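S.K.: Quick one: structure below, then a few questions.
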Amino acid sequence: MPTRRGPKKYRRRITGASASATGGGLSSSLVRTDGAELQSLVDFIDARRAFFEDIALEVGDQVTKSVSEAREFARSTLSLVESEEAAEIAQEIQQACIEFLRAYNPPATPTNYPDPQLLANQLRALRTEVNRYVALALHLFGVSTPRNLDLSDVDVTARVMSDVWRNKP
């Protein structure tokens, strides 16, 4: 039997019910699962160099653009998921992007260059936070392991967080 990579993509949602003297029925539709929505978010982040490229090679305005796009994607994912855990993962990724964009605000003038050390520090903090929640999505929703993101330092933390969430009342 072939193994499936990643989370189950669709599930049935009941959209209506009817009853009559001669019988009744249910109507349903296929909707994407929370795991599939989070897989799309992880794939999007994994394709953005700002989240894995060597920090010394990063260019501030390109990083800002990529992080802004990831923030928007996380925001749209937040509106598509139903479970509390999936919503929290998307929200935390969005919040990490917002915090980066607020902390690293490059000046508008071309003669005033942003501090490369500030970019490096803020990018490290962003990557750590995003990687933590990507690893959690792997453990909770079976999201496929990203190709580019380095999750080695957050894998154990994600397992602990996953166990805590599974044992919530």
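If you read the sequence shown in this note's numbering, its first letter stands for residue 1434, the second for the next number, and so on. Backbone N, C-alpha and C fix where the C-beta goes; we use that ideal spot for every residue, glycine too. On a predicted model such as this, the values are computed, not experimentally measured, just so you know.
Which class does arginine 1557 belong to by DSSP, given the choice of helix, strand or coil?
M.R.: In the sequence shown, the residue the question calls residue 1557 occupies position 124. In this structure, arginine 1557 counts as helix in the three-state DSSP scheme.
S.K.: Glutamate 1515 and leucine 1556 - do their beta-carbons sit closer together than 8 Å?
M.R.: Taking the first residue of the sequence shown as position 1, residue 1556 is located at position 123. Taking the first residue of the sequence shown as position 1, residue 1515 is located at position 82. Between leucine 1556 and glutamate 1515, the C-beta spacing is not below 8 Å.
S.K.: Do the segment 1513–1532 and the segment 1556–1571 touch if we need at least three Cβ pairs shorter than 8 Å?
M.R.: yes
S.K.: Would leucine 1551 and alanine 1568 qualify as a contact pair, given that the criterion is a beta-carbon distance under 8 Å?
M.R.: Residue mapping note: residue 1551 aligns to position 118 of the sequence shown, counting from 1. Residue mapping note: residue 1568 aligns to position 135 of the sequence shown, counting from 1. Their beta carbons are not under 8 Å apart, which means leucine 1551 does not touch alanine 1568 by this criterion.
S.K.: Assess contact between the segment 1500–1515 and the segment 1570–1587, defined as three or more Cβ pairs (one per stretch) separated by less than 8 Å. Is contact present?
M.R.: no
S.K.: Roughly how many angstroms separate the alpha carbons of tyrosine 1566 and alanine 1520, rounded to a whole number?
M.R.: Position 133 of the sequence shown, counted from the first residue, corresponds to residue 1566. Position 87 of the sequence shown, counted from the first residue, corresponds to residue 1520. Answer to the nearest angstrom: the Cα atoms are 11 Å apart.
S.K.: Where does arginine 1481 fall in DSSP's three states?
M.R.: Against the sequence shown, residue 1481 aligns to sequence position 48. The three-state secondary structure of arginine 1481, taken from DSSP, is coil.
S.K.: Compute the beta-carbon to beta-carbon distance between valine 1500 and phenylalanine 1533, rounded to the nearest angstrom, for a pair I have assumed lies under 8 Å.
M.R.: To locate residue 1500, count along the sequence shown from 1; it is residue 67. To locate residue 1533, count along the sequence shown from 1; it is residue 100. The Cβ separation is near 5 Å, so the contact holds.
S.K.: If you compare alpha carbons, which of Pro1549, Ser1577 and Asp1586 is closest to glycine 1493?
M.R.: Here residue 1493 refers to the residue found at position 60 of the sequence shown. Looking at the Cα atoms, Pro1549 is the closest of the given residues.
S.K.: Secondary structure at arginine 1508, three-state DSSP: helix, strand or coil?
M.R.: Counting from 1 along the sequence shown, the entry for residue 1508 is found at position 75. Three-state DSSP puts arginine 1508 in a helix.
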